[in-house]
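Let me begin by presenting the structure, written as structure tokens, before commenting on it.
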Amino acid sequence: MSKLQLSVPQIKEIHILQRTKEKLLGHNFLLFVTIVLFIVMYLAGLIVYKDKNFDNLQVFLNLLISNSGLIITAVGMTLVLIIGGIDISVGSVVAATCMMLAAMMERGNIGALPAILIVLLFGTVFGAVQGWLIAYLKLQPFIVTLAGMFFARGLTAVISLEMITITNETFKNIAQYKIYLPFGGYLNRKGVMVYPYIYPTVILALIVLILAFILLKYTKFGRTIYAVGGNEQSAMLMGLNVKRTKFIVYIINGFLTTLGGIAFCLNTMGAFVELAKGFEMEAIAATVIGGTPLTGGVGNVFGTLFGVLIKATIETFVSFQGNLSSWWSKIIIAALLAFFIMLQSLLVMRKNKKSRAKGLYV
Amino acid sequence: MKSLISVIKRVTKYQLFLPVICLFLVLIINLIQTPSFFHITMKNGVFYGYIIDILNRSSGLIIMAIGMTLVVASSGGADISVGAVSALSGAVCVAALGTDEVYKMPYFASILLALAVGLLCGIFNGFLVSFMKVQPMVATLILFTAGRGIAQLVTGSFILYVKPKNFEYLGSFIPGVPIPTPCFIAAFLAFFTWLVLKKTALGMYIQSVGINLKASRLVGLNSRMIIFFTYVFCAFCAAGAGLISVSRTASIDANNVGLNTELDAILAVAIGGNSLAGGKFSLAGSIIGAITIQALTTTLYAMHVSADQLPLYKAIVVVIIVALQSPVIIKLFRSIKSRLFQGGLVKEAVK
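For the record, the sequence lines run as chains A and B. If you read the first sequence in the numbering used here, its first letter stands for residue -3, the second for the next number, and so on. If you read the second sequence in the numbering used here, its first letter stands for residue 4, the second for the next number, and so on.
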């Protein structure tokens, strides 16, 4: 017997190893890097900020609480990126959402629930207009959403140039309704058992996340999104309705952006013109860091959750440090985004090179 | 009659037709609102008047629009970091000069330093776009948000003032010269760029890369370097515009210098009759577009529209112009035109 002959379990083992390697070096590689990065950052935080209660479960939950709006918005962004588009209007739309809510409740004497419904309708229509321009008129998503970004910011200023603080009772009650977790309690300084809590927005964000996951993974429409994002021409030749899919994705994105805006508003309880500046980059960064490349066709929403968590951890570090300007967190996130974009494009180039070596032209 | 139609057809086909008409419309509206619109008077040895003011204020935008035109032409995307880059270079310049009665650093050295910072930003953008093949808007989005952050760090989140008087020369008037300095700078840059693009093959290369990147590469052009160059040049222009804007008020407010100018610059390019999908471009169109937008902005200010509210109207204009350039709409127009034309022919045949 020669040395080359292997037993069946050995072959199986090699096969599994190869597949794991392929999976890790493919697009899951990015997700893998993201999760490792988050764990490393969190562990570093545990060590560095031990005296500031970083190990408290509440600190982790605060990451979710203060970023529930971002999670919802970033889920919409994930869908848009998978289909090969982009939306840079989200920051302004969030600002417009908050301003509309505040103006309606404080100046228009409209109840909290009707106001929320009107705002959601506005977001859906806004998404539909952008989607129509992009899908049916075939305009570049960048230009359309850039115009959308300035439109929504201008709209915010048209509604009110001054800051409005929300004092509506119903809205306040929703914002401050604490949901205590049944576990993870600890004794505080007075010796009273305190349980960690979350706000309703966190649950909303998690529901959106799970629904989006199911939509992408187990529905026909979700698979169509991947197909269109992967290659529009092929998707069309397969008989998929490319235009309608794009249109619907932008509508969903508009809806989710305003939903995220409402969650954002529940955190800020007020609105002003410059609100949520740079939010679009945070959403794009969270999505891209979470392993959804800008080229479309690939991605998943749980990566996006980790992207948001990384961003939130950076912000917590900056605020724990105390003496640093809050601009630092923005700059660090921008640097991370740049790093991940480069990593992705290097991966794509490598893949193209490989296919070229195999004789496939890309 | 027929010759008139053909003349109209020829005129409307002319690339500068749209920008000139737009500018004309805005000027007419202004003239109706303020009859003294075209008056130019001499005060303290310098020219004063609406027209001079618009030309003066638009020169920063003209400079940015020149850079943006090349970026759009070569890559079919836009550089949305121009506003942030101008804020950053302005902040660096003021920080280098210091806020005392005398300069901390020589005047020209700090201006060169600020321009160098602009070049660095351009190199970053260009590297991402041309060598990393990232979509232009995402690549420039990074500096769009982080640039202002860095500018805030440079100024320590304060509004800094420069005291020596000669700092203002760049943004207002040099003593003894009746025309504002920014106009000279914009005119010089426009002429210089035009000369380089027309007298060397660079202009043609940029168009060729914008029309078909792969074909240009196969022909032997270094497509990447050309795109890289346009981004560096655009950021350089943005830095120059930032210096003018800082010098005009002799102060730096990192939050407000160059605010929303990225939209204005893209709008100027679009109104100038340039396709935002890349390819052929006209510098003159962009310059007229920039003046049009500044005139429009001044008009809207006169109508008591707040600076924060302006983007709303400008965004609508951008969408309309871009939608008119859309292949779908052009096709629709053509089919309507041909149907009308065919209808006419049939009628004539019946007669």
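Beta carbons are placed, not taken as given, at the ideal position from N, Cα and C, and that holds for glycine.
Interface annotation, Leu157 (chain A): in contact with chain B, CB-CB separation under 7 Å. Judged by pairs of C-beta atoms under 8 Å, the segment 251 to 260 of chain B touches the segment 91 to 99 of chain B, as three or more such pairs exist. Here the alpha carbon of Asn184 (chain A) sits roughly 21 Å from the alpha carbon of Gly41 (chain A).
Residue pairing by DSSP places Gly266 (chain A) opposite A:Thr161 in a beta bridge. The beta carbon of Thr288 (chain A) is closer than 6 Å to those of Thr74, Leu77 and Gly295 in its chain, skipping five residues each way along the sequence. Per DSSP, Met95 (chain A) is one residue of the alpha helix (DSSP H) stretching across Val86 to Glu102. A direct Cα-to-Cα measurement between Leu173 (chain B) and Leu122 (chain B) gives close to 20 Å.
Taking 8 Å as the Cβ-Cβ cut-off, the segment 117 to 136 of chain A approaches chain B at Leu129, Tyr132, Leu133, Lys134, Leu135 and Gln136, given in chain order. Here Ala326 (chain B) is near Ile332 (chain B), since their CB atoms are less than 7 Å apart. Look at Ala318 (chain B): its C-beta is under 7 Å from a C-beta on chain A.
Within chain B, the C-beta atoms nearer than 8 Å to that of Ile327 (chain A) come from Ala149, Gly152, Ile153 and Leu156, in chain order. The segment 190 to 216 of chain A contains, as complete alpha helix (DSSP H) runs of 4+ residues, the segments 196 to 214 (chain order).
Taking the C-beta atoms as reference points, Val115 (chain A) is found no nearer than 7 Å to Thr141 (chain A). By the neighbour-count criterion, in which a residue is buried when 16 or more other Cβ atoms sit within 10 angstroms of its Cβ, Thr166 (chain A) is exposed.
Residue state for Ile175 (chain A) is assigned as strand, using DSSP reduced to three classes. Cβ neighbours of Ala154 (chain B) within its own chain (closer than 6 Å, five residues either side excluded): Ala90, Leu91, Ala94 and Ala257.
Counting only residues of its own chain and dropping the five nearest sequence neighbours on each side, Lys273 (chain A) has a CB closer than 7 Å to the CB of Gly87.
Thr44 (chain B): member of the beta strand (DSSP E) spanning Thr44 to Lys46, first to last residue. With respect to chain B, the C-beta atom of Val304 (chain A) has no partner C-beta closer than 7 Å. The C-beta of Phe147 (chain A) comes closer than 7 Å to at least one C-beta of chain B.
When the Cα atoms are used, Thr220 (chain A) and Phe161 (chain B) turn out to be separated by approximately 51 Å. Asn33 (chain B) sits buried, since 16 or more C-beta atoms from the chains shown fall within 10 Å of its C-beta. Under the rule that a run must span 4 or more residues, the alpha helix (DSSP H) segments found entirely inside the segment 128 to 201 of chain B read 139 to 158.
The continuous beta strand (DSSP E) containing Phe50 (chain B) extends over residues Val49 to Tyr51. By the rule that beta-carbons nearer than 7 Å mark a contact, Ala68 (chain B) does not touch chain A. Sixteen is the threshold: when 16 or more other Cβ atoms of the shown chains lie within 10 Å of the Cβ of Leu305 (chain A), as they do, the residue is buried.
Taking a cut-off of 8 Å for Cβ pairs, the segment 314 to 322 of chain A and the segment 97 to 111 of chain A do not touch, as fewer than three such pairs fall below it. Considering only A:Thr30, A:Ser341 and A:Ser321, the residue with the shortest C-alpha distance to Arg151 (chain B) is A:Ser321.
In this structure, Leu246 (chain B) keeps its C-beta atom at 7 Å or more from the C-beta atom of Ala87 (chain B).
With respect to the C-alpha of Val284 (chain A), the residue from A:Ile35, A:Gly80, A:Leu59 and A:Met37 having the closest C-alpha is A:Gly80.
For Ala201 (chain A), the closest C-alpha among the options A:Leu60, A:Gly266 and A:Ala143 is that of A:Leu60. For Ile255 (chain B), the pairing in a beta bridge is given by DSSP as B:Leu163. Take the alpha-carbon of Gln229 (chain A) and the one of Tyr222 (chain A): they are about 13 Å apart. At a cut-off of 7 Å between beta carbons, Ala326 (chain B) contacts chain A. Residues of chain A with a Cβ closer than 7 Å to the Cβ of Lys136 (chain B) are, in chain order, Ser341.
Neighbourhood of Val154 (chain A) in chain B, by CB distance below 7 Å: Gln312 and Leu315, in chain order.
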